[in-house]
Amino acid sequence: MRYLSIPFAVLAAGACLTLSTPAGATTAPVSTQAAVDGYQVVTLPNANVPNFQRRTVLCPAGKRVIGGGAEAQGNEAILVGSFPTPTGNGWIGLGRQTGNSTVGISVFAICANA
Numbered sequence: 664m665r666y667l668s669i670p671f672a673v674l675a676a677g678a679c680l681t682l683s684t685p686a687g688a689t690t691a692p693v694s695t696q697a698a699v700d701g702y703q704v705v706t707l708p709n710a711n712v713p714n715f716q717r718r719t720v721l722c723p724a725g726k727r728v729i730g731g732g733a734e735a736q737g738n739e740a741i742l743v744g745s746f747p748t749p750t751g752n753g754w755i756g757l758g759r760q761t762g763n764s765t766v767g768i769s770v771f772a773i774c775a776n777a
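For what it's worth, our numbering labels the leading residue of the sequence shown as 664, then goes sequentially.
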């Protein structure tokens with residue numbers, strides 16, 4: 664029972680804390696527009712490829728990758744890798760499927776102006 668009282672005490676103390684704006688500081692509204700210039704998501708739709716074969720989606724000319732991902736599709740599909748291209752202009756995805764020689768792989772890249 665002693666272990667339950669310590670987290671509760673910490674939680675209760677944390678609930679009593681208040682935050683205030685330091686003297687002289689100002690606040691500004693947050694914009695709902697994209698904060699990244701030229702933000703664009705580029706997708707490479709699902710296609711069956713041999714196990715461990717890389718699929719690569721590239722950003723349009725003048726853009727760099729700032730994130731991305733991949734999905735392995737199939738009954739026993741496993742995503743093996745999801746990472747940026749060495750040149751920084753796209754995203755790579757690869758996978759495998761147990762008991763099958765092919766796997767469905769889709770890839771997306773999040774791009775922004777360079």
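By construction, the Cβ of each residue, glycine as well, lies at the ideal position given by its N, Cα and C atoms. What you are looking at is a predicted structure, and each value in this text was computed from that prediction instead of being measured.
Around the Cβ of I741, a 10 Å sphere holds fewer than 16 other Cβ atoms; the residue is exposed.
Among the bridge pairs identified by DSSP, R727 is matched with A775.
Listed in chain order, the non-local C-beta contacts of A777 below 8 angstroms within the same chain comprise G725, K726 and R727, local neighbours out to five positions each way being set aside.
Cβ-Cβ distances below 8 angstroms link V704 to F771, A772, I773 and C774 in the same chain, with the five nearest sequence neighbours on each side left out; the list follows chain order. Shown here, N711 sits in a strand according to DSSP, grouped into three states.
For V699, there is no enclosing beta strand (DSSP E), as DSSP gives it neither H nor E.
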